[in-house]
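First comes the structure, then the notes that go with it.
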Amino acid sequence: MLNYDFIQCAVVILIIFIIGEIASTQTKAFVPSVFVAAVLFLLGFWSGAIPTDIIDVSGFSALGISAMLCIVVHMGTMLSPRELLENWKTVVISLASLCGLVGFLMIIGSNLLDWNTVIVSIPPLAGGMTAAIIMQGGAAELGLETLAVLAIVIYVVQGFVGYPLTAIMLKREAKRLMAQFDGQRDNWIAAKEKGGSAGDSKSSVSSKRLIPPVPKKFRSIYMALFGVYLTVWISSRLEMLTGGAVSRYVFCLVLGVVFCQVGLLEKNCLNETQSYGIFQTTAMAMVFAGLSSATPEMFKMIIGPLIAILVIGVAGLFIFAIIAGKILHYSWEMSFAVSLNALYGFPPNMIITNEVINSVTEDQDVKDYLTEHMMSKMLIGGFTSVTVTSTLLAGVFINLLR
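Residue numbers (our numbering): 39 to 440.
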């Protein structure tokens with residue numbers, strides 16, 4: 039294995055990201071960049087071409103968690119309170135699909151696999167590193183070493199299923215929305231120019247600011263970045279006050295919306311700080327750090343149960359998401375895409391959504407329309423499954439191991 043310093047590590051990581059972007063662009067997002075990058079990282083780790091600690095050595099990991107939190111605040115400033123409230127349907131679809139995942143694995147999976155294999159698998163498949171670590175520890179304490187490995191491998195590889203499926207679903211949804219947009223372009227643009235969104239033209243941020251804007255001569259990158267980090271700090275303290283019952287990621291999203299409305303934050307706040315690019319790069323690097331723990335030997339040990347769990351679990355997500363979406367008047371494509379957040383969460387959901395939008399149109403108004411209708415659903419779906427529900431599932435299922 040070659041010796042890398044922190045600069046070389048960063049260069050290699052960026053080269054992998056660039057290759058992923060090229061693949062996504064050439065295939066019009068049919069092959070998402072995150073999928074390509076994940077494959078390249080995995081092959082690099084297995085072959086020894088890149089060190090398993092490349093993310094840590096590059097320095098990206100030091101900023102990783104705060105970068106993710108700042109991006110969530112940024113996404114919150116792009117949403118209106120109306121959009122946030124209307125997404126209760128997204129939460130219901132996400133929860134319903136997780137019920138399908140759990141139900142299918144408990145009923146069908148337990149007839150094909152042993153009980154402990156099913157129990158260990160469910161929380162990691164529902165998304166989240168925390169859930170995977172909890173189940174890994176529980177299995178290891180009972181001497182179930184193979185299942186301890188299975189918990190981590192499921193967390194590591196489930197994105198390989200989720201990434202391409204999500205890209206396909208979102209692309210179909212984007213084309214449906216574009217056809218819908220053609221009939222209401224003028225009304226939507228007029229509402230947008232007034233500071234709101236379609237059907238929400240009265241939600242102008244500027245008309246509801248409680249805090250007057252900072253005078254232009256005092257506005258700076260530092261001032262803008264302070265507002266973002268202050269929001270992250272408040273969100274972290276609120277998480278502590280709830281005993282972890284409500285994730286700081288959820289608070290970041292909600293406070294991003296609220297603080298933008300009252301004037302504490304500007305819309306698209308990270309653009310003003312000129313730091314969005316480095317934050318996104320750092321956040322994505324952290325996602326792939328988990329692949330370093332997966333080895334070929336792990337896959338050989340549990341390949342059969344792994345495939346069965348993924349197939350049964352995704353089938354449960356699909357069927358229950360479609361049913362819930364039908365009841366709540368979501369398209370089946372959007373419903374399935376929301377449910378697939380369980381397989382990866384944030385920030386891949388944001389990256390894939392942006393890639394799909396950029397692949398189907400170059401019209402900025404259409405891009406804004408698609409972002410308004412798809413991004414909030416994907417973000418909230420991810421937070422519901424990965425950030426909140428999977429950890430709760432792990433707390434319950436660890437006690438079901440025998």
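Quick reminder that beta carbons are idealized off the backbone N, C-alpha and C, glycines included.
Query: DSSP state of K240, grouped into three classes?; Result: Confidence at K240 is low in this model, with a pLDDT of 41, below 50, so the placement of that residue should be treated as unreliable; the coordinate-derived value is given next. Note: K240 maps to coil in three-state DSSP.
Query: On the CB-based measure, 16 or more other CB atoms within 10 Å of its CB, does W226 come out buried or exposed?; Result: buried
Query: Using beta-carbon positions only, say whether S428 and A67 come within less than 7 Å of one another.; Result: no
Query: Using a threshold of 7 Å, state whether the C-beta atoms of A321 and A105 are closer than that.; Result: yes
Query: Only counting the same chain, and skipping five residues up and downstream in sequence, which positions put a Cβ closer than 8 Å to that of V424?; Result: A164, G165, G166, N379, A380, Y382, G383 and F384
Query: By the DSSP assignment, the alpha helix (DSSP H) with V352 in it spans what residues?; Result: P334 to L366
Query: Going by Cα to Cα distance, which pick from L52, V352 and I103 is closest to P162?; Result: V352
Query: Would you mind working out which of F44, V49, A87 and D91 sits nearest S330, comparing C-alpha positions?; Result: D91
Query: Which same chain residues end up closer than 6 Å to G328 when comparing Cβ atoms and leaving out the 5 residues on each side of it in sequence?; Result: V194
Query: Report yes if the C-beta of S104 is less than 6 Å from at least one heavy atom of the ligand ATP; otherwise report no.; Result: Absence of the ligand ATP is noted for the structure shown, with no ligands found whatsoever.
Query: Looking at the structure shown, is G200 part of a helix, part of a strand, or coil, going by DSSP?; Result: helix
Query: How big is the Cα-Cα spacing for I93 and G82?; Result: 13 Å
Query: DSSP three-state label for Y287, please.; Result: helix
Query: Out of S414, F374, I436 and L107, which has the shortest C-alpha to C-alpha gap to C290?; Result: L107
Query: What is the rounded straight-line gap between the Cα of I172 and the Cα of L180?; Result: 13 Å
Query: Excluding the 5 residues flanking L438 on each side, which residues of the same chain have their C-beta closer than 6 Å to its C-beta?; Result: I157
Query: What runs of the alpha helix (DSSP H), each 4 residues or longer, lie entirely inside the segment 92-130?; Result: 92-96, 98-115 and 119-124
Query: Could you round the C-beta distance between A362 and F374 to whole angstroms and report it? I think they count as a contact, below 8 Å.; Result: That belief does not hold up - the Cβ atoms of A362 and F374 are roughly 11 Å apart, past 8 Å.
Query: So, using beta-carbon positions, are G22 and L302 closer together than 7 Å?; Result: Residue 22 is absent from the structure shown; the chain starts at 39 and stops at 440.
Query: For G463, which residues in the same chain have their Cβ closer than 6 Å to its Cβ, ignoring the five residues on either side in sequence?; Result: No answer is possible for residue 463: it lies beyond the span of the chain, which begins at 39 and ends at 440.
Query: How many Å lie between I345 and T311 at the Cα?; Result: 44 Å
Query: With three or more beta-carbon pairs closer than 8 Å as the criterion, would you say the segment 110-118 touches the segment 263-278?; Result: yes
Query: From what residue to what residue does the alpha helix (DSSP H) around R275 run?; Result: I259 to L279
Query: So is Q218 buried or exposed if we call it buried at 16+ other beta carbons inside 10 Å?; Result: exposed
Query: Should the segment 384-402 be called in touch with the segment 126-137, which here means at least 3 C-beta pairs below 8 Å?; Result: no
Query: On a Cα-Cα basis, can you pick out the residue from L348, F98 and L208 that is closest to Q46?; Result: F98
Query: Considering only the alpha carbon of each residue, which of G315, E410, F435 and P386 lies closest to L203?; Result: P386
Query: Tell me which residues share the same chain as I304 and place their Cβ nearer than 6 Å to its Cβ, disregarding the 5 neighbours each side in the sequence.; Result: Checking the sequence, you will find Glu at residue 304 rather than Ile. Result list for E304: E310, in chain order.
Query: Is it true that the CB of L117 sits closer than 7 Å to the CB of V295?; Result: yes
Query: What would DSSP say about K66, mapped onto helix, strand or coil?; Result: coil
Query: Grouping DSSP H, G and I as helix and E and B as strand, with all else coil, what is I157?; Result: helix
Query: Cβ atoms of F421 and V288: under 7 Å apart, would you say?; Result: yes
Query: With distance defined between alpha-carbon atoms, name the residue in V50, C298, R440 and S159 nearest to I249.; Result: C298
Query: Pairs of beta-carbons, one from the segment 253-260 and one from the segment 275-286, closer than 8 Å: are there three or more?; Result: no
Query: Given this structure, state the Cα-to-Cα distance separating L185 from N154, to the nearest angstrom.; Result: 8 Å
Query: Taking the alpha carbon of F409 as the point to measure from, which residue in I53, E277 and L208 has its own alpha carbon closest?; Result: Residue identity check: residue 409 is Thr in the sequence provided, not Phe. Comparing Cα-Cα distances from T409 to each of I53, E277 and L208, the minimum goes to L208.
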